[in-house]
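A.B. asks:
Protein chains: 4
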Amino acid sequence: MGELAQAYAAVRQRSLRIAAPLSSEDCCAQSMPDASPVKWHLAHTTWFFETFLLEPHEPGFQPHHPAFRVLFNSYYNGIGDKHPRPRRGLLTRPSLDEVRAYRADVDRRMEALLGGQPGQALASLMVLGLQHEQQHQELMLTDLKHLLAQNPMYPAYTPEALDPAAPAPALEFIEFDGGLAEIGYNGRGFCFDNELPRHREYVAPFALASRLVTNGEYLEFIESGGYRDPSLWLAEGWDRVCAGEILQPLYWLEEGGAWREFTLHGVQPLDLARPVTHVSLYEADAYARWRKSRLPTEAEWEFAARQAALSGGSLHPEGADGEGLQQMFGACWQWTSSSYAPYPGYAPAAGAIGEYNGKFMVNQYVLRGSSCATPDGHARPSYRNFFPAGARWQFTGIRLAR
Amino acid sequence: MGELAQAYAAVRQRSLRIAAPLSSEDCCAQSMPDASPVKWHLAHTTWFFETFLLEPHEPGFQPHHPAFRVLFNSYYNGIGDKHPRPRRGLLTRPSLDEVRAYRADVDRRMEALLGGQPGQALASLMVLGLQHEQQHQELMLTDLKHLLAQNPMYPAYTPEALDPAAPAPALEFIEFDGGLAEIGYNGRGFCFDNELPRHREYVAPFALASRLVTNGEYLEFIESGGYRDPSLWLAEGWDRVCAGEILQPLYWLEEGGAWREFTLHGVQPLDLARPVTHVSLYEADAYARWRKSRLPTEAEWEFAARQAALSGGSLHPEGADGEGLQQMFGACWQWTSSSYAPYPGYAPAAGAIGEYNGKFMVNQYVLRGSSCATPDGHARPSYRNFFPAGARWQFTGIRLAR
Amino acid sequence: MGELAQAYAAVRQRSLRIAAPLSSEDCCAQSMPDASPVKWHLAHTTWFFETFLLEPHEPGFQPHHPAFRVLFNSYYNGIGDKHPRPRRGLLTRPSLDEVRAYRADVDRRMEALLGGQPGQALASLMVLGLQHEQQHQELMLTDLKHLLAQNPMYPAYTPEALDPAAPAPALEFIEFDGGLAEIGYNGRGFCFDNELPRHREYVAPFALASRLVTNGEYLEFIESGGYRDPSLWLAEGWDRVCAGEILQPLYWLEEGGAWREFTLHGVQPLDLARPVTHVSLYEADAYARWRKSRLPTEAEWEFAARQAALSGGSLHPEGADGEGLQQMFGACWQWTSSSYAPYPGYAPAAGAIGEYNGKFMVNQYVLRGSSCATPDGHARPSYRNFFPAGARWQFTGIRLAR
Amino acid sequence: MGELAQAYAAVRQRSLRIAAPLSSEDCCAQSMPDASPVKWHLAHTTWFFETFLLEPHEPGFQPHHPAFRVLFNSYYNGIGDKHPRPRRGLLTRPSLDEVRAYRADVDRRMEALLGGQPGQALASLMVLGLQHEQQHQELMLTDLKHLLAQNPMYPAYTPEALDPAAPAPALEFIEFDGGLAEIGYNGRGFCFDNELPRHREYVAPFALASRLVTNGEYLEFIESGGYRDPSLWLAEGWDRVCAGEILQPLYWLEEGGAWREFTLHGVQPLDLARPVTHVSLYEADAYARWRKSRLPTEAEWEFAARQAALSGGSLHPEGADGEGLQQMFGACWQWTSSSYAPYPGYAPAAGAIGEYNGKFMVNQYVLRGSSCATPDGHARPSYRNFFPAGARWQFTGIRLAR
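Residue numbers (my numbering), protein chains in the order written: chain A, 10 to 411; chain B, 10 to 411; chain C, 10 to 411; chain D, 10 to 411.
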């Protein structure tokens with residue numbers, strides 16, 4: 010079995026492993042339009058392979074089910090109609106078992122395609138499909154977490170305990186000289202089109218916090234009245250605070266002055282040493298202002314990240330525990346002050362696949378790094394994640410800059 | 010086993026039989042705030058027995074699960090907090106299996122209570138609980154139908170075929186003298202509090218259509234431009250037509266001039282001889298005006314219904330096939346022009362159980378008769394069903410009057 | 010000048026007198042979709058005469074301005090397009106002066122028509138136009154009051170003082186025998202089509218409160234927790250209470266435990282002896298339940314009203330001060346428990362004018378009597394006013410029944 | 010009279026001149042939450058001087074009217090409460106005359122302050138107040154235009170004719186070398202804080218269109234199906250197209266294939282040689298993509314603008330008529346692809362005045378240049394205007410880049 014076939018098998022199995030502890034009910038429900046059911050993720054990632062690989066490349070291609078082309082199309086206008094996003098949770102059919110059978114059928118056919126010595130273009134597309142599925146693996150966990158949080162019983166995803174983190178090291182600001190820097194991917198492996206082209210940007214001297222902001226530090230912000238002082242907030246953020254939409258990090262729970270946090274391990278006492286997570290850009294920005302700091306630009310972040318260690322692979326962000334620049338990867342995605350925009354000379358691919366990234370480059374902000382829920386091997390310094398400023402259901406955190 | 014215990018067992022088993030062909034996914038999803046998941050119905054009807062019978066009457070009562078008191082409270086403020094209605098579909102836990110276990114536990118305990126020679130008050134409450142569950146049995150079918158209709162694959166609930174109905178007999182108007190009539194229940198069996206007190210109303214002479222309006226007759230209305238002529242419509246109804254919310258009966262499908270209808274038997278050719286169903290009061294009223302008729306008042310309907318035959322028990326309304334006053338029961342609920350209001354001297358029961366009917370007596374309209382989905386034994390001439398004028402997901406139909 | 014011409018002149022002048030203390034800005038703004046600008050009322054009442062009288066009956070009719078047919082059409086689909094109701098306040102053109110000129114032009118032409126010995130049909134239509142304008146005169150005051158109340162400076166419409174009312178006489182319940190009653194108009198003067206046909210209704214024995222509920226009595230309801238007890242409320246009303254939409258009568262103001270009320274005379278101390286006004290049906294119903302009473306049906310009200318004295322003509326409801334049945338007219342419109350429905354045999358007029366009343370007969374409730382803002386000569390025992398259950402900007406009050 | 014006093018008098022008088030042709034009704038109405046009434050602009054600009062200059066600096070300061078502090082506060086949380094923005098059009102009081110008296114009173118007091126040899130800080134604040142009023146002068150025209158456009162009679166602001174423009178010169182792309190550029194204001198006059206600090210940015214070589222896109226060119230885009238092809242649009246823009254919110258430039262009117270445009274001169278035939286205006290960023294971006302171009306970044310625009318000529322001062326954008334880089338100023342604001350973000354090291358002023366710009370730096374896009382409605386002397390190459398991507402009621406246009 011070739012390397013690509015091995016990668017294919019590994020990634021595809023991991024999706025099923027994420028779903029394994031869940032009932033078919035858990036996999037079907039949708040808690041908000043932004044979040045999709047686990048079953049839908051399992052089907053859509055399969056649809057991606059069926060539509061972009063099998064359909065053009067498999068001899069005598071027949072769709073697994075003719076309705077799936079529409080049901081599991083996320084947003085590709087070039088492919089055609091789409092089942093409306095806010096109604097994904099109403100698809101009780103096909104059942105979870107039928108979706109598993111869909112996966113098995115496509116896997117079998119993909120393995121045949123892979124066995125046939127795919128050319129460069131096909132191999133690239135296959136890698137894209139795997140990277141795509143890894144992105145959805147992270148969403149499976151964050152979307153599921155959001156769903157479970159709607160249940161007043163706050164069920165846990167995993168029975169495993171969550172141990173207290175060691176006290177966080179002091180937060181220090183590490184200085185960087187900046188200069189005329191090369192930004193964007195320049196390796197020989199895979200990257201998304203939004204990481205290209207590599208280009209020059211001038212980066213003024215700056216300093217970056219050595220670690221993420223902790224729950225303990227964020228709690229000080231709350232207790233000192235951070236959510237009651239409009240001078241700390243962007244106007245849009247303050248509007249949301251006043252509307253009662255943003256009052257504390259998304260999954261924090263307060264009762265009689267005691268703080269707890271809903272996690273994939275269930276409700277836990279708030280661990281002051283772990284990084285604060287599930288905050289919006291508005292909160293990250295307000296916290297930074299309160300701390301007389303600011304959020305980094307994405308260029309600053311990437312400039313600093315080149316020597317950072319990759320890590321990850323848990324269900325809740327771990328605390329910092331080393332020296333130098335820590336938690337650049339594997340704990341929380343880090344809000345930057347950079348809006349999501351094309352790099353100079355950016356050109357999306359031709360055809361429907363070109364809708365992957367480019368058409369979303371407005372009114373979103375770049376997050377850098379990776380989170381505890383990001384699959385191993387999926388992160389790199391040039392990676393650009395992006396969400397609207399108000400999004401909180403991802404594992405988002407705060408890295409300060411000055 | 011006493012009569013009541015037999016009735017208890019029969020009603021409770023029927024709910025499970027309704028759910029039997031469905032997957033746990035089918036039972037969990039919620040298609041709109043007005044419709045509840047089948048699983049929720051199974052749990053809520055059980056909650057009714059647990060809360061209103063076991064809790065006050067079982068020695069050493071312990072709740073099956075402390076969270077269920079809130080999760081499965083529909084609208085009883087007197088009981089306390091309620092899980093928000095539009096979020097019932099997000100309760101993937103408890104699972105369908107756990108809800109079945111909840112039912113079994115409560116059934117076991119109820120049977121013990123029943124075996125202990127319940128007094129009159131308790132027996133009355135038990136009958137109310139069974140009548141309540143029968144109401145939810147009809148809702149299980151209509152709510153499920155609405156859910157399945159959201160799926161572009163239009164899955165059928167039952168694999169059984171739906172045979173074409175025989176041609177409908179001519180629609181005739183049967184004359185009634187009216188006079189000072191007694192309205193309301195006066196039998197010795199069960200009735201809901203909203204059917205009481207029996208009281209006098211003056212009913213002017215009137216005529217009632219011998220059968221329900223058929224699909225064929227309604228199609229004529231559509232084809233003659235009924236949905237394009239504001240002079241036929243109540244202002245609120247016309248607003249909905251203009252907003253595109255009401256364009257044809259809820260489950261009708263048109264493609265290239267051919268009409269089909271989604272039913273619990275799947276998508277079927279429109280059967281012109283069966284009664285039109287899933288129409289709002291607005292549509293019923295507009296149709297009647299087009300036909301130079303009107304809808305009956307509830308007093309007229311009840312006046313006429315006293316000799317009508319009870320029937321029912323299918324998954325789609327049957328056609329008319331006899332003489333005289335037909336389809337008063339067992340095909341479609343029939344919109345009346347009467348708003349849902351208390352009878353003179355009406356008094357709800359004390360306590361939370363008094364919230365059953367009285368607090369809904371505003372901005373709803375009375376429907377009379379029963380539908381194909383109404384359980385056997387649940388209908389009677391004095392029965393008052395009620396829904397907002399725009400509701401269409403019940404098996405609602407049109408009985409004309411003059 | 011004939012009687013009709015005199016009536017025409019008197020009614021038309023009164024509209025201008027209502028607008029006289031107002032600036033053109035006051036006359037242009039619209040505070041909510043339900044309320045219209047004074048200028049719009051001045052124009053629409055003129056449009057009514059132009060469209061329904063001049064257009065069909067004036068030789069060589071030419072419209073005053075071709076755009077006005079759409080701009081000032083309220084809701085007559087039979088006439089054609091309508092400027093959208095929520096956007097009436099954006100019509101800064103035509104100016105108030107131009108609308109006054111429009112009135113003068115139509116008045117001149119109407120006087121010519123009136124001088125020509127109009128036949129019975131035309132005379133009836135003219136009376137309808139005047140009654141229509143009187144209805145809008147009341148709306149001019151209530152809509153303006155709503156607009157002024159949006160201004161944090163709470164400007165007064167009139168500089169006149171509002172004297173304290175004498176203490177209210179004790180509230181007594183007056184008994185009525187009921188029986189088979191004739192309901193509906195049967196005089197020889199004008200009535201609206203919704204008061205016809207006169208017909209028989211059976212009215213069970215009942216008792217009616219001798220006067221309206223006072224501010225003082227309603228304040229007791231508030232202070233005893235009336236707005237915090239769901240058992241007193243219709244479910245829809247309680248939803249609005251919980252949503253913060255209904256917390257006290259519409260124009261009541263509380264500061265440090267002291268209650269004031271915004272009136273057309275400006276903000277005044279709450280006069281405990283005057284009737285409570287600007288309450289919804291939900292509040293009237295909840296108050297009645299708290300008082301172990303109920304709201305009357307419209308038949309009961311009309312049955313009792315036949316000997317009641319007509320009075321009215323102020324800018325705020327006066328207190329009760331006599332014996333027997335008081336305040337049936339001239340203080341506040343009185344919510345009934347009757348939904349607005351056609352009388353048996355009701356038939357609207359042919360053509361667009363038939364849209365006047367009939368198409369609104371759904372989801373509204375009947376109010377009986379008249380208010381301080383109702384023009385003299387406009388009220389009668391059979392008069393049926395109607396508003397949605399949540400409407401509060403009219404001079405609505407509470408008459409209890411048992 | 011000093012230079013500053015002269016400037017004060019000139020700017021203040023110009024606001025009144027803009028309002029002069031309007032009735033008090035025209036000045037009072039508000040067509041949407043984003044647009045304010047002319048009267049409100051006249052009052053708010055006066056409030057700015059009263060609050061930020063007179064209150065701290067006038068000996069024995071007394072407010073003109075105590076309620077105005079809240080009524081005319083736009084968004085300064087540091088000052089206190091604000092009348093809700095969407096309800097500005099309901100303020101029929103104070104009247105337009107009272108607002109003129111407010112202006113006269115503040116002007117008199119400001120002139121006294123100006124006569125007293127203001128120090129540097131006070132003078133700076135005064136200049137800020139004048140620049141602020143100039144910004145509102147542009148808004149008075151664009152907000153008024155939006156209001157007039159809601160009236161189906163499409164009234165003109167000015168009776169002056171709008172002559173056809175000369176044919177537009179060919180659109181050429183002018184090449185720029187780019188390099189490490191200094192961006193931001195570095196003159197000795199006034200600039201807003203968002204133009205600072207001047208800083209270095211690397212600008213790659215680029216080309217900029219010699220003039221704005223014309224109506225004629227944009228019409229080709231429409232006629233070739235530009236609004237029907239999702240591949241041209243950002244996803245958010247396409248959603249708006251599908252929702253029917255964006256179908257053609259805001260004030261374009263089509264009837265029977267003939268295109269006209271509503272302007273402050275009334276409805277005019279679409280002038281193919283004038284620049285297209287009142288387009289959103291979504292439309293600008295889609296047009297650029299169709300033209301195989303892109304929008305410039307703000308750094309590119311500023312880099313190119315340094316030699317451009319300033320011009321302006323009309324009520325509708327003029328056509329291009331010269332050589333080289335034209336219409337950088339005085340025709341239409343030009344959408345850039347740059348989100349509105351702080352320059353490196355940006356720090357807003359202390360206190361409430363610091364809310365002027367900084368708190369809006371999220372989810373908005375920078376527009377560069379100036380428009381026909383921008384007051385003379387208000388534009389400069391470093392000026393940063395900003396609006397949400399969907400805003401269309403400003404004089405926005407399209408400058409292409411490559």
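Glycine included, every Cβ here is placed at the ideal spot set by N, Cα and C.
Counting pairs of Cβ atoms below 8 angstroms between the segment 28-42 of chain D and the segment 252-265 of chain C, do you hit three or more?
C.D. replies: Contact fails: fewer than three Cβ-Cβ distances are below 8 angstroms.
A.B. asks: Among E107/B, S380/B, R300/B, G188/B, which residue has its Cα nearest to the Cα of A213/B?
C.D. replies: Taking the second sequence and counting its residues from 1, one reaches residue 213/B at position 204. When each option's Cα is compared against that of A213/B, the closest is G188/B.
A.B. asks: Measure the C-alpha to C-alpha separation of A295/C and W242/C and round it to an integer number of angstroms.
C.D. replies: For this step, residue 295/C is matched to residue 286 along the third sequence. For this step, residue 242/C is matched to residue 233 along the third sequence. Distance between the alpha carbons of A295/C and W242/C: 5 angstroms.
A.B. asks: Based on Cα-Cα distance, which residue from S45/D, M119/D, S320/D, Q144/D lies nearest to A393/D?
C.D. replies: As a first step, residue 393/D is located in the fourth sequence; it is residue number 384 there, counting from the start. The displayed chain sequence assigns Arg, not Ala, to residue 393/D. Per the Cα distances, Q144/D.
A.B. asks: Please state if the CB of R220/A and the CB of A190/A are separated by a distance shorter than 8 angstroms.
C.D. replies: Working through the first sequence from its first residue, we reach residue 190/A at position 181. Working through the first sequence from its first residue, we reach residue 220/A at position 211. For A190/A and R220/A, no; Cβs fall outside 8 angstroms.
A.B. asks: Alpha carbon to alpha carbon, what distance is there between Y355/B and E215/C?
C.D. replies: For the purposes of this step, residue 215/C is taken as the residue at position 206 of the third sequence. For the purposes of this step, residue 355/B is taken as the residue at position 346 of the second sequence. Here residue 215/C is Phe; the residue named in the question, Glu, does not match the sequence. The alpha-carbon atoms of F215/C and Y355/B are separated by roughly 14 angstroms.
A.B. asks: What does H53/D reach in chain A if we use C-beta pairs closer than 8 angstroms?
C.D. replies: The residue you call residue 53/D lines up with position 44 of the fourth sequence. What H53/D touches in chain A: nothing, since even the nearest Cβ is about 17 angstroms away.
A.B. asks: Helix, strand or coil for N394/B? Go by DSSP, reduced to three states.
C.D. replies: As a first step, residue 394/B is located in the second sequence; it is residue number 385 there, counting from the start. Of the three classes helix, strand and coil, the one that applies to N394/B here is strand, per DSSP.
A.B. asks: Does DSSP classify Y17/A as helix, strand or coil?
C.D. replies: If you number the first sequence from 1, residue 17/A lands on position 8. The answer is helix: DSSP assigns Y17/A an H, G or I state.
A.B. asks: Helix, strand or coil: how does DSSP classify L376/A here?
C.D. replies: Locating residue 376/A in the first sequence gives position 367, where the first residue counts as 1. Reduced to three states, the DSSP call for L376/A is strand.
A.B. asks: Could you pull the start and end residues of the alpha helix (DSSP H) that A293/D belongs to?
C.D. replies: Taking the first residue of the fourth sequence as position 1, residue 293/D is located at position 284. First-last of the alpha helix (DSSP H) with A293/D: 290-299.
A.B. asks: Taking Cβ positions only, does T101/B come closer than 8 angstroms to chain A?
C.D. replies: For this step, residue 101/B is matched to residue 92 along the second sequence. Closer than 8 angstroms: yes.
A.B. asks: Beta strand (DSSP E) containing E210/A: first to last residue?
C.D. replies: Residue numbering aside, residue 210/A sits at position 201 when the first sequence is read from its first letter. It spans 208-212 - the beta strand (DSSP E) in which E210/A sits, taken as one unbroken run.
A.B. asks: Is it true that the CB of H73/C sits closer than 8 angstroms to the CB of L131/C?
C.D. replies: Indexing the third sequence from 1 puts residue 131/C at position 122. Indexing the third sequence from 1 puts residue 73/C at position 64. No, the pair does not count as a contact, with Cβ atoms beyond the cut-off.
A.B. asks: Quick check on F70/C: buried or exposed, where buried means 16 or more other Cβ atoms within 10 Å of its Cβ?
C.D. replies: For the purposes of this step, residue 70/C is taken as the residue at position 61 of the third sequence. Per the 10 Å Cβ criterion, exposed.
A.B. asks: In three-state terms, what does DSSP make of G6/A?
C.D. replies: The structure shown has nothing for residue 6/A, since chain A only spans 10 to 411.
A.B. asks: So with Cβ pairs under 8 angstroms, would you call S45/C a contact of chain D?
C.D. replies: Taking the first residue of the third sequence as 1, we reach residue 45/C at position 36. Output row for S45/C: interface = no.
A.B. asks: How would you write the range of the alpha helix (DSSP H) that F312/A sits in, first residue to last?
C.D. replies: As a working mapping, residue 312/A is identified with position 303 in the first sequence. From DSSP, the alpha helix (DSSP H) with F312/A extends over 307-314.
A.B. asks: Does chain B have any CB closer than 8 angstroms to the CB of S346/A?
C.D. replies: If you number the first sequence from 1, residue 346/A lands on position 337. No, no contact with chain B.
A.B. asks: Once the 5 residues before and after A179/A are set aside, which same chain residues still bring their CB inside 7 angstroms of it?
C.D. replies: Mapped onto the first sequence, residue 179/A falls at position 170. Closer than 7 angstroms at Cβ, skipping near neighbours: no residue.
A.B. asks: Do you know how far the Cα of N366/C is from the Cα of P357/C?
C.D. replies: Start at 1 with the first residue of the third sequence, and residue 357/C comes out as number 348. Start at 1 with the first residue of the third sequence, and residue 366/C comes out as number 357. About 8 angstroms.
A.B. asks: List, in order along the chain, the chain D residues whose C-beta lies closer than 8 angstroms to that of L243/A?
C.D. replies: Against the first sequence, residue 243/A aligns to sequence position 234. Chain D residues near L243/A: K368, F369, M370, V371.
A.B. asks: Output needed for L279/A: all residues of its chain with C-beta closer than 8 angstroms, excluding positions within five of it in sequence on either side, in chain order.
C.D. replies: Within the first sequence, the letter at position 270 stands for residue 279/A. Around L279/A: N224, L228, W261, W268, R269, E270.
A.B. asks: List the residues of chain D whose Cβ lies closer than 7 angstroms to the Cβ of P353/A, in chain order.
C.D. replies: As a first step, residue 353/A must be located in the first sequence, where it is residue number 344. What P353/A touches in chain D: A213.
A.B. asks: Does DSSP put G98/D in a helix, a strand or coil?
C.D. replies: Your numbering for residue 98/D matches position 89 in the fourth sequence. Residue state, collapsed to three classes: helix.
A.B. asks: Who are the neighbours of L189/A on chain D, taking C-beta pairs under 8 angstroms?
C.D. replies: Within the first sequence, residue 189/A is the residue found at index 180, counting from 1. Within 8 angstroms Cβ-Cβ: L189, Y211.
A.B. asks: Kindly say whether H92/B, judged by its beta-carbon, lies nearer than 8 angstroms to any beta-carbon of chain A.
C.D. replies: Sequence index remark: in the second sequence, residue 92/B carries index 83 (1-based). Output row for H92/B: interface = yes.
A.B. asks: Could you check whether the segment 20-27 of chain C touches the segment 105-124 of chain C, counting it as contact only if at least three pairs of C-beta atoms, one from each stretch, sit closer than 8 angstroms?
C.D. replies: Touching, yes.
A.B. asks: Residues bridged to A218/B by DSSP?
C.D. replies: Within the second sequence, numbered from 1, the residue matching residue 218/B stands at position 209. Partner(s): F182/B.
A.B. asks: Can you tell which of K91/D, Y17/D, G138/D, L80/D has the C-alpha that lies nearest to the C-alpha of E120/D?
C.D. replies: Along the fourth sequence, read from residue 1 onward, the residue named residue 120/D stands at position 111. For E120/D, the nearest C-alpha among the options comes from Y17/D.
A.B. asks: Work out the CA separation of E292/D and L409/D for me, nearest whole Å.
C.D. replies: As a working mapping, residue 409/D is identified with position 400 in the fourth sequence. As a working mapping, residue 292/D is identified with position 283 in the fourth sequence. If I take the Cα positions, the gap works out to 12 angstroms.
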